[in-house]
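Before any comments, here is the structure.
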Amino acid sequence: MEKVEIEILKNGPVIVTGEVCLKDHAGAEYTLEKKTIALCRCGQSANKPFCDGAHVSAGFKAEETAK
Numbered sequence: 015m016e017k018v019e020i021e022i023l024k025n026g027p028v029i030v031t032g033e034v035c036l037k038d039h040a041g042a043e044y045t046l047e048k049k050t051i052a053l054c055r056c057g058q059s060a061n062k063p064f065c066d067g068a069h070v071s072a073g074f075k076a077e078e079t080a081k
């Protein structure tokens with residue numbers, strides 16, 4: 015089984031690398047064309063659940079770190 019890595023970027027999206035199945039609230043699967051995807055955390059993306067870079071102009075700040 016391939017390892018999946020999830021990275022939370024400072025002031026940015028969640029980066030998911032590896033083979034994953036992403037489903038919406040109704041259970042429908044998204045078609046993923048890449049093995050690395052960026053998921054929005056700021057809520058401003060026009061392409062939710064994927065990041066479109068809107069966090070930059072929105073001034074999104076999030077600096078959580080692993081403890």
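Plus 14 on top of the position in the sequence shown (first one is 1) and you've got our numbering. The beta-carbon is built from N, C-alpha and C at its ideal position, and this holds for glycine as well.
Assigned exposure category for residue i - 16 Cβ within 10 Å defines buried
| i | result |
| --- | --- |
| I51 | buried |
| F69 | Per the sequence shown, the amino acid found at residue 69 is His instead of Phe. Classification of H69: buried, given that the 10 Å Cβ count is 16 or more. |
Given residue i as reference, the closest of the options once Cα atoms are compared
| i | options | result |
| --- | --- | --- |
| S59 | F74, K48, T31 and E47 | F74 |
| L46 | H39, G57 and P63 | P63 |
| V34 | E43, P27 and G26 | E43 |
| C65 | E19, E16, V30 and K17 | V30 |
Any chain B beta carbon closer than 9 Å to residue i
| i | result |
| --- | --- |
| C54 | Judged by its chain identifiers, the structure shown contains no chain B, having just a single protein chain. |
Integer-rounded CB distance, given that residue j should sit under 8 Å from residue i
| i | j | result |
| --- | --- | --- |
| G32 | K49 | 6 Å |
| L53 | V28 | 4 Å |
Spatial neighbours of residue i in its chain, beta-carbon cut-off 6 Å, leaving aside the 5 residues before and after
| i | result |
| --- | --- |
| E77 | K24 |
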